[in-house]
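This note's numbering numbers the first residue of the sequence shown as 1124 and each following residue consecutively. The beta carbon of each residue, even a glycine, is placed where N, CA and C say it ideally should be. Predicted, not measured: the structure shown is a model, and the values here were computed from it.
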Amino acid sequence: MSQKNEHYPHDSYWRFADKYDYHVTGKLRAELQSRGYKYTGRKKRLVYLLRRIDGALLLYDQCSLTELQTFAQDRHIQLPEHVSTLGKDQYKLLVSALEHADMVPRFEKLLELPPELRSAVYGHYVTGFSDKPLHAPTTPPLARLSRQLKSEILPVFFSSCTFDVHHLGLPHWSEESGYTYTGSRTVCFFRKMTADNLACIKKLRACICEHEDQTMVPDAACVFTIDEDGRGFKASCNGALTGILPENFQKRLRGIEQAVRKVMLRMQVRKNDDGRIALRLDDVVALRWALQLGYSGRGLLDTIAPPPVSGRAVRKTH
């Protein structure tokens, strides 16, 4: 459980939403009371307690001193030697120490589970991440704790979620717009990914939008969802449009769809023995090049070699 990261929104997909920050103190107290707790503290504390409840964490304020001492002993939490002489302050110190320990979990017993149980835990862990497409997400927190956890969790993460490829620079699809390019965050995300992890991806969403941080379908001028269903990747177009579009938009849309489908056909010939198609970096490059060619009307991918992966703009030729 953590605060929202305002400086890097791509790290917020695994965090709880800040849904309590704008509530008045009275409403926060009522919310706690509706969940079976009665508190009269300050707003900051009330928000913190509600977030603990959302994270299925225990509210230690409801426990007795004996229970807190037992929790601290069982979890091997180091306390000052003079803690027993603090009187009422001992209770506050124990609550603070236990809450701090909850914020820095070590998962020492997780790797002692059999592999099949660990895999089930990882699947449950990433379930909430797959609710909506992710754009250049950071590594899931649990995978940051050790190399073994990272190697075991990332394949589950990449095979369960949908990842966005953002193609930018087309304000209102104007004829005068001479540049289109793949967003720098998209480029960095796929460049840094290992071939094994990239091959795990089953769902991509190619979006043509004006700004890189537009991640919702209504904000994108055009969206292609590419879903690996066991027989191969299939592209389906959803034209969710915003702004004032030119009259020839449908023609451009057909050109983009045709170019994307050419990429899909090329991938079909690479099926593994199990019938799956392992995604590769050159597939992502070809996909973003198809968006550029389709938009410009130059859909003949067989005659134009795709450029290297780059976040720099590609000039249209007329």
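Host beta strand (DSSP E) of residue i (start-end)
i, result
"Ala1329", "Lys1326 to Ile1331"
Proximal residues to residue i (C-beta, below 7 Å), its chain only, five neighbours per side dropped
i, result
"Phe1194", "Leu1221"
"Asn1320", "Leu1277, Pro1278 and Phe1281"
"Tyr1136", "Phe1252, Leu1257 and Pro1260"
"Leu1151", "Tyr1143, Lys1166, Leu1169, Val1170 and Leu1173"
"Arg1158", "Ile1176"
"Leu1268", "Phe1230"
"Ala1401", "Ala1322 and Asn1395"
Bounding residues of the alpha helix (DSSP H) (the contiguous stretch that carries residue i)
i, result
"Asp1287", "From DSSP, Asp1287 is part of no alpha helix (DSSP H) but of the beta strand (DSSP E) over Thr1285 to Leu1291."
"Met1226", "Lys1211 to Met1226"
"His1247", "Pro1238 to Thr1250"
"Val1147", "From DSSP, Val1147 is part of no alpha helix (DSSP H); its letter is neither H nor E."
"Asp1319", "Ala1318 to Cys1323"
"Glu1187", "The sequence shown places Ser at residue 1187, not Glu. Looking at the DSSP string, Ser1187 is not in any alpha helix (DSSP H), and its letter there is neither H nor E."
"Ser1269", "Taken as a continuous stretch (DSSP letters only), Ser1269 belongs to no alpha helix (DSSP H), as it is neither H nor E."
"Phe1312", "Ser1307 to Lys1315"
"Val1392", "Looking at the DSSP string, Val1392 is not in any alpha helix (DSSP H), and its letter there is neither H nor E."
"Asp1177", "Lys1166 to Asp1177"
Identity of the residue in the options nearest residue i by Cα
i, options, result
"Glu1231", "Thr1262, Phe1313, Asp1397 and His1199", "His1199"
"Asp1287", "Lys1166, Arg1411 and Ser1157", "Arg1411"
"Ala1322", "Cys1311, Phe1356 and Ile1331", "Phe1356"
"Ala1358", "Gln1201, Arg1175, Arg1270 and Leu1414", "Leu1414"
"Thr1305", "Lys1315, Met1316 and His1289", "His1289"
"Ser1187", "Pro1264, Thr1250, Tyr1214 and Ile1379", "Tyr1214"
"Lys1166", "Tyr1245, Asp1212, Gly1149 and Leu1272", "Gly1149"
"Gln1381", "Tyr1245, Ser1242, Phe1347 and Pro1203", "Phe1347"
"Arg1175", "Leu1216, Pro1238 and His1223", "His1223"
"Met1390", "Ile1379, Leu1404 and Gly1378", "Leu1404"
"Ala1329", "Ile1379, Ala1318 and Met1316", "Ile1379"
6 Å Cβ shell around residue i - same chain, five flanking residues per side excluded
i, result
"Val1170", "Tyr1143"
"Val1407", "Phe1313"
"Lys1325", "Ser1282 and Glu1351"
"Val1386", "Ala1409, Leu1410 and Ala1413"
"Leu1180", "Asp1225"
"Leu1155", "Tyr1162"
"Cys1311", "none"
"Gly1164", "none"
"Pro1429", "Because Pro1429 carries a pLDDT of 46, less than 50, the predicted location of this residue cannot be relied on, and no value is offered for it."
Test item: CB-CB of residue i and residue j under 9 Å
i, j, result
"Leu1327", "Thr1262", "no"
"Asn1177", "Val1218", "A small correction: the amino acid at residue 1177 is Asp; Asn does not occupy that position in the sequence shown. No, the Cβ-Cβ distance between Asp1177 and Val1218 is not below 9 Å."
"Gly1417", "Val1383", "yes"
"Leu1182", "Leu1191", "no"
"Leu1497", "Ile1349", "With the chain covering only 1124 through 1441, there is no way to say anything about residue 1497."
Cut-off 8 Å between Cβ atoms - residues of its own chain near residue i, not counting five sequence neighbours on either side
i, result
"Val1249", "Pro1263, Ile1276, Val1279, Phe1280, Ser1283 and Cys1284"
"Arg1308", "His1133, His1258, Ala1259, His1289 and Glu1335"
"Gly1246", "Val1279 and Ser1283"
"Lys1273", "Thr1262, Ala1266 and Arg1267"
"Ser1242", "Glu1275 and Val1279"
Contact with chain B by residue i, beta-carbon distance below 9 Å
i, result
"Met1226", "In the structure shown, chain B does not exist; there is a single protein chain."
Given 8 Å, three or more beta-carbon pairs between the segment 1222–1242 and the segment 1255–1263: no
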